[in-house]
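Student: I have a structure here, written as structure tokens, and I will follow up with some questions on it.
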Amino acid sequence: MNKQDSLSKTSKDLMLKEPYYGFFLLMLHKSWDDKIKTAGVCKNGINFQLMISEKFWTALSEEHRLGLLKHELLHIAFQHLTTFTMFADKKLANIAMDMEINQYIDKDWLPEGGIDIDDYSDLNLDRRAGSRYYYDKLQQAQKDKKEQGSSGDENMDKLLNNNGYIIFGNDLKDPIDIEIARDSKHPIMLQENYLSKKFEKYFQVFKKVIPRNECRNPSACCGCYFSIYKKQ
Ligand SMILES: [Zn+2]
């Protein structure tokens, strides 16, 4: 089944199981975009647009596809695209909104890595509250973590830590360069496929590989790798 057919199938399955979402599916323009890591919704005129990474989608199980689609539709149903602008801290707003809507999704349907309120039980958060409530609680958690070293919940501490950018630059070497590189006391030997694999889990903001002939010492390195990744 190709990606389009599998997305249509999941849409139909969701409508049959939970007809309420059919209304939002009608207004949804779907597009594929591998520049995004997972999926997202945005406004498109008077309608909404769903963007999905094909790589992400095809790796999901049927149940997780249903959960992902329902998750994105819940963002629309809960007016998150409008209220998002009212929150100053966009990272916390994203977490708060996911925390709010994922409570309406069956746990078996939630893809790995989704925000689950049960993971932060030490914060004693109210259930089925609004995203403003969770946003305020997250701001407090961030403040406590800054001032006291912990938000009071280990998982929340980890979640709040997980941000920032990685800026990376290094020479690349082919096996034929290794002896020369050793002689020139230039011992770091990296290859592009190794680096790409290492950084796969991060969102790629920028990447450039400078070819051998443009490098400063073409006899000892086969290229230079520059990249910026966003942790998310
Ligand atoms: Zn979301």
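Heads up: the sequence shown is residues 316 to 547, going by our numbering.
For glycine and all other residues, C-beta sits at the position ideal for the given N, C-alpha and C.
Predicted model, so just to flag it, every value in this text is computed and none were measured.
Which word fits Asn359, buried or exposed, when buried means at least 16 other C-beta atoms lie within 10 angstroms of its C-beta?
Tutor: By the 10 Å Cβ count, Asn359 comes out exposed.
Student: Spatial neighbours of Lys461 within its chain, please: CB distance less than 7 Å, with the 5 preceding and 5 following residues excluded, ordered by chain position.
Tutor: none
Student: Which residues in the same chain as Asp472 place their Cβ atom closer than 7 Å to its Cβ, once the five residues preceding and following it in sequence are excluded?
Tutor: Excluding sequence neighbours, Asp472 sits near Lys460, Ser465 and Ser466.
Student: What would DSSP say about Asn359, mapped onto helix, strand or coil?
Tutor: strand
Student: Please indicate yes or no: does the CB of Asp628 lie closer than 7 Å to some heavy atom of ligand 1?
Tutor: Coverage of the chain is limited to positions 316 through 547, which leaves residue 628 absent and any answer about it impossible.
Student: Looking at C-alpha atoms only, which residue of Leu389, Phe518, Asp434 and Asp451 is the closest neighbour of Asn478?
Tutor: Phe518
Student: Thinking just about the alpha-carbon of each residue, which of Ser436, Ile420 and Leu341 is nearest to the one in Phe363?
Tutor: Just measuring C-alpha positions, the residue of Ser436, Ile420 and Leu341 sitting nearest Phe363 is Leu341.
Student: Please determine, among Asn476, Glu515, Leu474 and Pro533, the residue with the shortest C-alpha to C-alpha distance to Asp486.
Tutor: Pro533
Student: With DSSP as the reference, identify every bridge partner of Trp347, one or two as the case may be.
Tutor: Ile367
Student: When the Cβ atoms of the region 378-385 are set against those of the region 421-436, are three or more pairs found closer than 8 Å?
Tutor: yes
Student: State the CB to CB distance for the pair Leu389 and Ser326, rounded to an integer number of angstroms; the pair is presumed to be in contact (CB under 8 Å).
Tutor: About 15 Å; that fails the 8 Å criterion.
Student: What's the C-alpha gap between Asn417 and Ile430?
Tutor: Each residue's alpha carbon lies about 7 Å from the other.
Student: Report the residue from Ser511, Phe514, Ile543 and Gly484 whose alpha carbon sits nearest the alpha carbon of Ile525.
Tutor: Gly484
Student: The alpha helix (DSSP H) with Ile416 in it runs from where to where?
Tutor: That run of the alpha helix (DSSP H) goes Lys405 to Asn417.
Student: Thinking C-beta only, is Ala354 closer than 8 Å to Ser368?
Tutor: yes
Student: Jot down the residue ranges of each uninterrupted alpha helix (DSSP H) in the region 378-406, minimum 4 residues, whole runs only, in chain order.
Tutor: 395-398
Student: Can you tell me where the alpha helix (DSSP H) holding Gly428 begins and where it ends?
Tutor: Unbroken run through Gly428: none, as it is neither H nor E.
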